[in-house]
Amino acid sequence: MIVNNFEINEENVDGQMVYLPNMMDWKKLIGDNPIIDGEYLLPPNSESTKKILLRNLEILCRYPEMSVVFCRQYPTRRRWSFINLIKLKEGKLQRFQLEHLTCESCGWNGYSANPTIPDLYWGLPSEKAVLDAAWKIPKVNCPYCGRGLPRYAIWVENK
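The opening position of the sequence shown corresponds to residue 83 in this note's numbering, with each subsequent residue numbered one higher.
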């Protein structure tokens with residue numbers, strides 16, 4: 083797909099077509115807010131969506147295994163949705179919610195990737211099966227003390 087002279091890769095993730103701009107092109111796309119398939123990329127006058135998207139991009143651009151994509155969350159929904167993806171060791175692209183956690187044992191705090199949020203899978207052809215599979219991805223523990231974290235995490239920032 084070509085949008086405003088940017089080539090945007092298309093990828094099938096969990097049975098859904100998602101659009102994966104280069105991390106460096108995202109800021110320009112957000113600034114231009116192009117109309118794609120009859121709908122603005124960002125809802126007009128949606129500063130909160132823009133703020134969250136820019137924050138996620140700022141964090142995720144530090145990690146080559148992570149990206150932000152846009153897609154139609156439901157086949158009948160016109161508005162674009164934004165999803166964070168991480169490439170797992172076996173090459174699978176996994177949806178996740180970016181969260182900020184604090185270890186209750188040692189006080190470490192940082193960002194984590196939680197794939198177990200049901201909203202990430204709404205509208206998929208097999209949303210229950212994909213969510214069930216997300217719960218089976220091995221969890222990671224605190225990068226400092228090795229103990230469990232207060233929320234499910236498949237990746238943590240090791241700063």
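Just so you know, even glycine gets a beta-carbon here, dropped at the ideal spot from N, CA and C.
Predicted model, so just to flag it, every value in this text is computed and none were measured.
Enumerate in chain order the residues of its own chain whose CB-to-CB distance from residue i is below 7 angstroms, with the five nearest sequence positions on each side excluded.
i: T131; result: L124 and P125
i: Y101; result: M83, I90, E92, V151, F152 and C153
i: E121; result: R160, R161 and W162
i: M99; result: E92 and C153
i: V222; result: A235, I236, W237 and V238
i: S208; result: G97
Whole angstroms are fine: how far does the CA of residue j sit from the CA of residue i?
i: I236; j: F178; result: 9 angstroms
i: C143; j: L136; result: 10 angstroms
i: R233; j: P197; result: 11 angstroms
i: P116; j: G205; result: 24 angstroms
i: P146; j: L175; result: 13 angstroms
i: P200; j: V95; result: 16 angstroms
i: K241; j: V212; result: 30 angstroms
i: L253; j: A216; result: Limits of the chain in this structure are 83 at one end and 241 at the other, which puts residue 253 out of reach.
Assuming residue i contacts residue j under a Cβ cut-off of 8 angstroms, what Cβ separation, rounded to an integer in Å, is found between them?
i: Y193; j: E239; result: 4 angstroms
i: N191; j: L180; result: Not confirmed; about 14 angstroms, so no contact.
Within a Cβ cutoff of 6 angstroms, which residues of the same chain sit near residue i, ignoring the five residues on either side of it in sequence?
i: I118; result: V85
i: C188; result: Y226 and C227
i: L170; result: Q176
i: W108; result: L139
i: S88; result: Here the sequence assigns Phe to residue 88, which means Ser is not the residue at that position. For F88, where only same-chain residues beyond five positions count, the Cβ hits under 6 angstroms are D107.
Checking 8 angstroms against the spacing of the C-beta atoms, do residue i and residue j come in under that value?
i: M105; j: S149; result: yes
Does the ligand NAD have a heavy atom nearer than 7 angstroms to the CB of residue i?
i: F152; result: For the ligand NAD, the structure offers nothing, since it holds no ligand at all.
Exercise for review: Run through the region 148–236 for me and flag every whole alpha helix (DSSP H) of 4 or more residues, listed as ranges in chain order.
Suggested key: Taking only runs of at least 4 residues, the alpha helix (DSSP H) segments lying wholly in the region 148–236 are 209–217.
Practice item. Starting from the N-terminal side, write out each stretch of the alpha helix (DSSP H) that is 4 residues or longer and does not extend beyond the region 102–153. Key: Every alpha helix (DSSP H) of 4 residues or more that sits fully in the region 102–153 is shown, in chain order, as 108–114 and 129–142.
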